[in-house]
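Undergrad: In terms of the numbering used here, the sequence shown has 1298 at position 167, counting the first letter as 1, and numbering is strictly consecutive.
We put the beta carbon where it would ideally sit given N, CA and C, even for glycine.
Below is a structure I'd like to ask you about.
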Amino acid sequence: MTQHTVIVVGGPAGTGKSTIADILSKKFDCPFIEGDALHPQENVDKMSEGIPLTDEDRWGWLEQLSKATATKALNADNKSTTAIVSCSMLKKIYRQHIKESCPKSEPIKFRFIFLYSTFEELMKRVDGRKGHYMKSDMVKSQYDIMEIPAGQELVGEGGECISVDTTGKTPEIIFNEILESL
């Protein structure tokens, strides 16, 4: 049986999730889903108004994200058995929910790449973005609930996660660190 893989690139706003996910999808010649595009309108409206999402706001979005990305990995025109998605996945329980939301009948393996940085750098990066609903006033709420994968969650300890500190690094450096870890 072919092993299909979903790589979830996550972390708080401003860590470079979309940039890194796009670079990875080009490297592996596989589909990339921008997780923010799957948020229901209610979530987008809340975030646009500076209201942090609750766990309840996220469950349906994470489930939709899991299923959509698994479908891409399974139906990638036989070019690839991998799909990549960007998603904040800030808490361990969110990463678990993503895995558990995938239909059990599907042979999908999830890998998580968690990007993080200092609060100051995240603020600087988000302040510099144009046209995104996630504004800098929301960074604090994400930073405060962020659970950087550690211990048994990490690849070297039997888990599915890689953690990368993006502070002061270019996308190329981050990408190379990820490739070394994969």
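Report the partner residues of Gly-1141 according to the DSSP bridge assignment.
TA: As a working mapping, residue 1141 is identified with position 10 in the sequence shown. DSSP, once it has assigned bridges, lists Phe-1245 as partnering Gly-1141.
Undergrad: If we ignore side chains and look at the alpha-carbon of each, how far apart do Leu-1184 and Met-1178 end up?
TA: Looking up residue 1184 in the sequence shown gives position 53. Looking up residue 1178 in the sequence shown gives position 47. The straight-line gap from Cα to Cα measures roughly 7 Å.
Undergrad: Helix, strand or coil: which one does DSSP assign to Asp-1153?
TA: Here residue 1153 corresponds to residue number 22 of the sequence shown, with the count starting at 1. Note: Asp-1153 maps to helix in three-state DSSP.
Undergrad: Let me confirm a value: Lys-1203 is counted as buried when at least 16 other C-beta atoms fall within 10 Å, else exposed. Which label applies?
TA: In the sequence shown, residue 1203 corresponds to position 72, counting from 1. Lys-1203 should be labelled buried.
Undergrad: Looking at the unbroken beta strand (DSSP E) that takes in Val-1216, where does it start and where does it end?
TA: Position 85 of the sequence shown, counted from the first residue, corresponds to residue 1216. Run containing Val-1216: 1213-1217, per the beta strand (DSSP E) assignment.
Undergrad: Please list, in chain order, all residues of the same chain as Gly-1299 whose beta carbon is under 8 Å from its beta carbon, the five residues on each side excluded.
TA: Translated into the one-based positions of the sequence shown, residue 1299 becomes position 168. Excluding positions up to five away in sequence, the list reads Glu-1252.
Undergrad: If you reduce the DSSP assignment to three classes, tell me which class Lys-1255 lands in.
TA: Taking the sequence shown and counting its residues from 1, one reaches residue 1255 at position 124. Three-state result, Lys-1255: helix.
Undergrad: Hey, could you find the ends of the alpha helix (DSSP H) Ile-1293 is sitting in?
TA: The sequence position of residue 1293 within the sequence shown is 162, counting from 1. Looking at the DSSP string, Ile-1293 is not in any alpha helix (DSSP H); the run it does join, the beta strand (DSSP E), is 1292-1296.
Undergrad: Can you name, in chain order, every residue of its own chain whose Cβ lies under 8 Å from the Cβ of Cys-1233, other than the five neighbours on each side?
TA: For this step, residue 1233 is matched to residue 102 along the sequence shown. The residues are Val-1137, Ser-1197, Lys-1198, Ala-1201, Ile-1239, Phe-1241.
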